Each structure stands twice: as C-alpha cells, then as structure tokens.
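A.B. asks: This is the structure I want to talk about, given as structure tokens.
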Amino acid sequence: MGKSSKMFGEEKIGKLLIKFSIPIIISFLIAELYNMVDTLFVGRNVGGLAIGALVLVFPIQRLIIALSVMISTGTSTAFSRANGEEDKEKSKEIFQNGFSLVFLIMISLIVLVSLFKENILVFLGASENMLPLALEYLEIIIFGSIFLSLTILISNICITLGNNKVSIRSNLIGAGLNILLDYILIVHFKMGIKGAAIATLTSQITGFSYAFYNYLKIVKKHKFAIKFNVNKNIVMPILLVGLAGFVIEIEDGVVMGVLNNLLKGTSGDSGIIVLGLVSKLYMFLFITMWGVASAMQPIASYNVGAKNYKRLKTLMKKTTLYAFLTTSVLWGFGLIFTKELLSFFVNDPEIIKEAAKAFRIVISMFPLISIYYVSIFYFQAMGKARVSILVSALRQLVIMIPLSIFFVKVFDLGAMGIWISYPISDILASLASFMLIRNEGAELNTRIEKQIKNEKQLNMSLKY
Numbered sequence: 012m013g014k015s016s017k018m019f020g021e022e023k024i025g026k027l028l029i030k031f032s033i034p035i036i037i038s039f040l041i042a043e044l045y046n047m048v049d050t051l052f053v054g055r056n057v058g059g060l061a062i063g064a065l066v067l068v069f070p071i072q073r074l075i076i077a078l079s080v081m082i083s084t085g086t087s088t089a090f091s092r093a094n095g096e097e098d099k100e101k102s103k104e105i106f107q108n109g110f111s112l113v114f115l116i117m118i119s120l121i122v123l124v125s126l127f128k129e130n131i132l133v134f135l136g137a138s139e140n141m142l143p144l145a146l147e148y149l150e151i152i153i154f155g156s157i158f159l160s161l162t163i164l165i166s167n168i169c170i171t172l173g174n175n176k177v178s179i180r181s182n183l184i185g186a187g188l189n190i191l192l193d194y195i196l197i198v199h200f201k202m203g204i205k206g207a208a209i210a211t212l213t214s215q216i217t218g219f220s221y222a223f224y225n226y227l228k229i230v231k232k233h234k235f236a237i238k239f240n241v242n243k244n245i246v247m248p249i250l251l252v253g254l255a256g257f258v259i260e261i262e263d264g265v266v267m268g269v270l271n272n273l274l275k276g277t278s279g280d281s282g283i284i285v286l287g288l289v290s291k292l293y294m295f296l297f298i299t300m301w302g303v304a305s306a307m308q309p310i311a312s313y314n315v316g317a318k319n320y321k322r323l324k325t326l327m328k329k330t331t332l333y334a335f336l337t338t339s340v341l342w343g344f345g346l347i348f349t350k351e352l353l354s355f356f357v358n359d360p361e362i363i364k365e366a367a368k369a370f371r372i373v374i375s376m377f378p379l380i381s382i383y384y385v386s387i388f389y390f391q392a393m394g395k396a397r398v399s400i401l402v403s404a405l406r407q408l409v410i411m412i413p414l415s416i417f418f419v420k421v422f423d424l425g426a427m428g429i430w431i432s433y434p435i436s437d438i439l440a441s442l443a444s445f446m447l448i449r450n451e452g453a454e455l456n457t458r459i460e461k462q463i464k465n466e467k468q469l470n471m472s473l474k475y
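Given below as structure tokens:
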C-alpha cells in the first residue's frame, strides 16, 4: 500500500497526471457510452419520443451516479490521506465504511423509486405520450444502481492504490456488452426501450463482476476484513468531502428536471427531444476536464497528508493548464462537427437543425469552466468541504436555474432563454472560481514559506 502511493509524492507531476488521467478519461468516456448508446439505438429504431423518455429518466440516473461519486470520492480521498499519513488501520476502516454506505444508500433508493416511479416521472415533466416509455425503462434500470455504485467505488479505491486498469476494464466490459445487447434486443428482437433497459442492467452487472473480482484480490493482499462497518466519525467526513462531487453530479439531474418542465410549457415534446440530443453531446465535453481534475485529487490528498506544499502548488498549476488545453480541443471539435454528431442519433433534418443551433450556443464559453471544475476537486483534496460544496452549487444551481426561469418566464424567450443561460453561467462561475483560487494560492505560498524555513532549520541541526 505504501509503495504504490509513494509515487504521489516523488514522481514527476506531469507524468503522474498523464498516467492517472488517461485511464480516468477512458473510464468516463466508456461510462457516457451507456446512455449515449441507448439513445442512439432507441432514437433510430423507436423514435423521438423514446429519446424524450430517456431524458425524463436521466435525472434519476444522475442521482444514482451522484450518490456513487459522493461515496467513492469521499472514501478514496480519506483513504489516500490516511496513506499519506501512513495510518494503515485507519485506511482499512475507511475502506469498510465506504462499502457499507453503498449498500445502505442504494438499497434505500431502489425501494423508494420502485414505489413512487410514476409520481417521480410526472414531477420531472413526463407527458402522457412519454410516460409509458419512461416507466418501461426506469422500472428495469433502477435495479442496476447498486452494481454501478459498487463498480465506481472499487475503481476509485484501485486508482488510489496505484492500479488504474480496473476502472477501464470494468467499464469497457460493460459498455461493450451494452452495445452488443442493444443491437440484439432493439434491432433484431424489436424490444424497443425495454430492450435498452435490459441491455443496460445486464452490462452493469457484468462490469461489476469484474470489479468485484479485483476487490477480492485487494482484500486478500492488504488483509482488509470484509464486514459491515458504519462509524460516524469516519462516515461523516466521507460524506462531507464527497458532497461536492455529489452536487456536481446531481445538479445535472436537477437542471434537466427544471428544464424539462420549462420546455414542456413552451416547446412541448419536441423541445425535450432537442434538450436530450444537446445534453448527450454536451456531457462528452466534460470528459478530459473531469479526468485531469480527478487524477489530481488523490495526488493532492497524498501531498496534503505529507505536508508537501511546494509540490501541491506545482500540481495545481499543471492540472489547470492540462484541463484547459484538452477541453479546448474537444470544444473545437464539437463546434465544427455539430450536425454530423447529431445525425448519429436522429434522421429528422429539422430536429438536427434546431439541436445544432442550441448546442453551439450552449457550449460557446465552455473552455472557461476548466478552472471552475479543477478548483472544486482541489478544495476537496485540501479537505475544505464547505468551500468545495459552495463552488459546486454555484454554476448550475445558483446561477443557471434562476437565469433559465427568468429568461423563460419573465422575458418569454422560450427555449432560447434556456440555451443562452448556459454561457452566461459559465462566465460568472469561472470568474468566481478564479478569485477563490487566487486567494488559495496566497495561503499556499505562506505554507510553502514555512515549509522552506523548517527544511533549513532541519538541515542546520543535522550539520551540528
């Protein structure tokens, strides 16, 4: 355990970021394929209403991922910090509490959604035409939540221990099977949206099986006892640190629910279909940004635990630069090939035209938010949960939702009011996060000065 994590404090930062961000980026890419592939197959074989149904279920799927990210981020951050402090017993207990949380939270969610699924979908903006399709999809895929959540947790723990292959392989196995089953069940057996749901559930169980096999090897290697363990003193820090990640993930679902209802009252089902198409492409732009920032987090956590603040400052600078450059490449590609990318999902020229117009407005300022997301992960790694949570909520919950409602309800701009709220939110949130990071840099400089002073005193004492 010590050898695998010591690289966080010794290896070149640029090399470390590339080494750990690439598998995370690939994992995120593969994970996004789950929803994208379902949308592609049902859009071409069932129709626009089926795409709308997937959009309605999306907030619930986002809730599942948000809870999973909260637990896995909080657990892996605490786990990495304990490794930096060389506290093996604490690491083991953190590991057990993370797994116990997954079971408690996911089983509760499955029960609640199963009991109130129709009410939830109506609340999220389901029309009479879309509700039956959305119900057919939701009542199957909800049972995959516990398998997906455990896969995410195991993958994050493996990355923290220096194994960055489990996440890629488990997601690759699941996504590959999902594509195959979507083709067989939707195209060949004409099972429609139900076939997409069965394919998703089966692929999630299969991906989990591979991750669980590796989990058993970790338990054996590090002598972790497999037992249910909920310690309030460990669970609360896990939840607090992971809460920022939860907010980042859940806000997409909350925003989608609000926008569904706004579009239902202005553009109807067609507006929801356009939003579904835009959101599928939009989510892919986050992949490198999230990958680089996620790779930074365990490295930063380790160096916080080891009190190596000079290395921490260099890490922050390089992470921001890498995130901005890689995101800009995806952004340019998305702007140039918008219509071609949308045509993968639908054949309707009018829908493609409207979706392309909306998408280009939505992403017009997108690269700016690189520093916004890097700052969130940085504050998580520093253990500043409150700041991280506040910044996480800023862009979409605090700025974008009120702007969208204001533009639609007050200025009567319809769907256009929703699209223009995206770039405005990006600008405002990026400015705010830049100011916070600048202040954080000043605090870090003070710590670095103390670190240099202590090192000089130590060297002087060794001479004498």
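Heads up, the sequence shown is in the working numbering, so the first residue is 12 and it goes up one at a time. C-beta atoms are modelled at their ideal positions from N, C-alpha and C, and glycine is treated no differently. Predicted model only: the values in this text are computed from it and were never measured.
1) Okay, do the stretch 345 to 360 and the stretch 41 to 58 touch, 3+ Cβ pairs below 8 angstroms being the bar?
2) Taking the alpha carbon of Arg-73 as the reference point, which residue from Ala-61, Glu-262 and Ile-249 has its own alpha carbon closest?
3) With 16 as the cutoff for other CB atoms within 10 Å, does Ile-170 come out buried or exposed?
4) For Glu-365, I'd like the list of residues in its chain whose CB is within less than 6 angstroms of its CB, leaving aside the five on either flank, ordered along the chain.
5) For Asn-470, does the count of other Cβ atoms within 10 angstroms reach 16, so buried, or fall short, so exposed?
6) Do the stretch 425 to 444 and the stretch 363 to 378 touch if we need at least three Cβ pairs shorter than 8 angstroms?
7) With respect to the alpha helix (DSSP H) encompassing Val-409, which residues constitute its N-terminal and C-terminal limits?
8) May I ask which residues mark the beginning and end of the alpha helix (DSSP H) holding Lys-232?
9) Would DSSP call Phe-418 helix, strand or coil?
10) For Pro-34 versus Ser-178, is the C-beta spacing smaller than 8 angstroms?
11) Short of 7 angstroms in beta carbon distance, which residues of its chain neighbour Phe-422, apart from the five on each side in sequence? Order them along the chain.
12) Quick one: any contact between the stretch 121 to 131 and the stretch 93 to 104, if contact means 3 or more CB pairs under 8 angstroms?
13) Once the 5 residues before and after Ala-137 are set aside, which same chain residues still bring their CB inside 6 angstroms of it?
14) Spatial neighbours of Ser-403 within its chain, please: C-beta separation below 6 angstroms, excluding the five flanking residues on both sides.
15) Closer than 6 angstroms by C-beta to Ser-214: which residues in its own chain qualify, once you throw out the five before and the five after it? Chain order, please.
16) Which same chain residues end up closer than 7 angstroms to Gly-25 when comparing Cβ atoms and leaving out the 5 residues on each side of it in sequence?
17) Rounded to whole angstroms, what's the CA-CA distance from Ala-100 to Val-230? Just pull it up for me.
18) Anyone know if the C-beta pair for Ser-125 and Ile-153 falls short of 8 angstroms?
19) Under a Cβ-count criterion, where at least 16 other Cβ atoms within 10 Å of its own Cβ denotes burial, should Leu-141 be classed as buried or exposed?
20) Is the CB-CB distance between Ile-209 and Ala-61 below 8 angstroms?
21) Within 10 angstroms of the Cβ of Lys-420, are there 16 or more other Cβ atoms? Answer buried if so, exposed if not.
22) Under a Cβ-count criterion, where at least 16 other Cβ atoms within 10 Å of its own Cβ denotes burial, should Gly-13 be classed as buried or exposed?
23) My output table needs one value for Phe-31: the three-state DSSP class, helix, strand or coil.
24) Go ahead and pull the three-state DSSP assignment for Ile-435.
25) Residue ranges of each alpha helix (DSSP H) run of no fewer than 4 residues wholly in the stretch 19 to 83, ordered along the chain?
C.D. replies: Straight from the coordinates:
1) yes
2) Glu-262
3) buried
4) Excluding sequence neighbours, Glu-365 sits near Val-285.
5) exposed
6) yes
7) Element bounds for Val-409: n/a, residue is neither H nor E.
8) 203 to 233
9) helix
10) yes
11) Gly-428
12) no
13) Leu-67 and Ala-145, listed in sequence order.
14) Ala-255, Val-258, Ile-259 and Ile-387
15) Here Ser-214 has Gly-185, Leu-188 and Asn-189 as same chain residues with Cβ atoms under 6 angstroms from its own Cβ, once five neighbours each way along the sequence are excluded.
16) Lys-329
17) The sequence given here places Glu at residue 100; Ala does not occur at that position. Glu-100 and Val-230: Cα-Cα distance of roughly 13 angstroms.
18) yes
19) First, the amino acid is wrong: residue 141 is Met here, not Leu. When all chains shown are included, Met-141 counts as buried.
20) The answer is no: Cβ separation not under 8 angstroms.
21) exposed
22) Bear in mind that a pLDDT of 49 at Gly-13, under 50, signals an unreliable position, so the model cannot answer this.
23) helix
24) helix
25) If we require 4 residues or more, the alpha helix (DSSP H) runs fully inside the stretch 19 to 83 come out as 24 to 56.
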